[in-house]
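Working notes, beginning with the structure itself.
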Amino acid sequence: MTIKRFPTLLLAGAAAFALSACANNTAPSAQENGAHTHASAANGSACRSIGEGRKINNKGKNDAYLCSARAALNSSEAKQVLNPNIRVSYGNVGGKTLVSRQIANAVGKTPEATCQRAFLSAVKRFQSTAQRYNSKSVRVVSYFDKKTVGGDQYECHIGTWNSRVVLKGNV
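In case it helps, mature numbering (1 follows the signal peptide of the UniProt record, and there is no 0) puts the sequence shown at residues -23 to -1, 1 to 148.
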């Protein structure tokens, strides 16, 4: 008799364990999110939150940020990874344009660090293309969801594991 009840008890115990794990996995409140965003903006950081981006099947994390292209291009990382012989400018592009989508690892990084890494990867890709065409300059602009962003800002979306930047430009 007790042998027949064992699978039922085991299943009930597993269900209780799973429910307790779900109950402890709560999302941060809106007040906590606002405090984080406000503190980030108060520190004069290179990125500011613009809310939540479009989700696929309403799943996963997709936080949208506007970041300073000028800050990224003047960073010490940019000086290490970009080609100094190919000038990079940020703003409206004309003529034949190319598009680059780049992803960077976001695990354990600040929004500024992961967005800057993805942005610089996209710029470096444009520089490689410019080098193939013997061009001395690259002009890029943010192009996330096929929408450009004005000023010296680019849009960056941070998911659970990575950040994404889409740029269009000409060489």
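Every residue, glycine too, gets a C-beta built ideally from N, C-alpha and C.
Work out the CA separation of residue j and residue i for me, nearest whole Å.
| i | j | result |
| --- | --- | --- |
| P88 | S53 | 17 Å |
| R141 | G37 | 14 Å |
| Q79 | K113 | 22 Å |
| R94 | T137 | 16 Å |
| V76 | G68 | 14 Å |
| T91 | N139 | 8 Å |
| A99 | R25 | 20 Å |
| R116 | E132 | 16 Å |
| R47 | A23 | 9 Å |
| Y120 | Q108 | 22 Å |
| H134 | T74 | 22 Å |
| D40 | N62 | 34 Å |
I'd like the span of the alpha helix (DSSP H) that includes residue i, first residue to last.
| i | result |
| --- | --- |
| V70 | V70 -> no alpha helix (DSSP H), and no H or E assigned at all. |
| L43 | Note, L43: premise wrong, no alpha helix (DSSP H); beta strand (DSSP E) at 40 to 45. |
| S105 | 88 to 109 |
Check each candidate in the options and name the one with the smallest Cα separation from residue i.
| i | options | result |
| --- | --- | --- |
| N82 | F96, G71, V76 | F96 |
| L59 | N39, Q104, G127 | Q104 |
| K124 | Q108, S45, L144, V115 | L144 |
| G50 | G146, E29, V65 | According to the sequence as given, residue 50 is Leu; it is not Gly. Of the candidates G146, E29, V65, the one whose C-alpha sits nearest the C-alpha of L50 is V65. |
Assign residue i to buried or exposed, taking buried as 16 or more other Cβ atoms, counted over all protein chains shown, within 10 Å of its Cβ.
| i | result |
| --- | --- |
| Y110 | exposed |
| D122 | exposed |
| Q57 | exposed |
| A16 | Caution applies to A16, whose pLDDT of 34 falls short of 50 and renders its modelled position unreliable; the value that the coordinates give is listed next. A16 is exposed by the Cβ-count criterion. |
| V148 | buried |
Taking the beta strand (DSSP E) that residue i belongs to, which residues open and close that run?
| i | result |
| --- | --- |
| S140 | 139 to 147 |
| S22 | Per DSSP, S22 belongs to no beta strand (DSSP E) and is neither H nor E. |
| S53 | No beta strand (DSSP E) holds S53; the alpha helix (DSSP H) holding it covers 53 to 58. |
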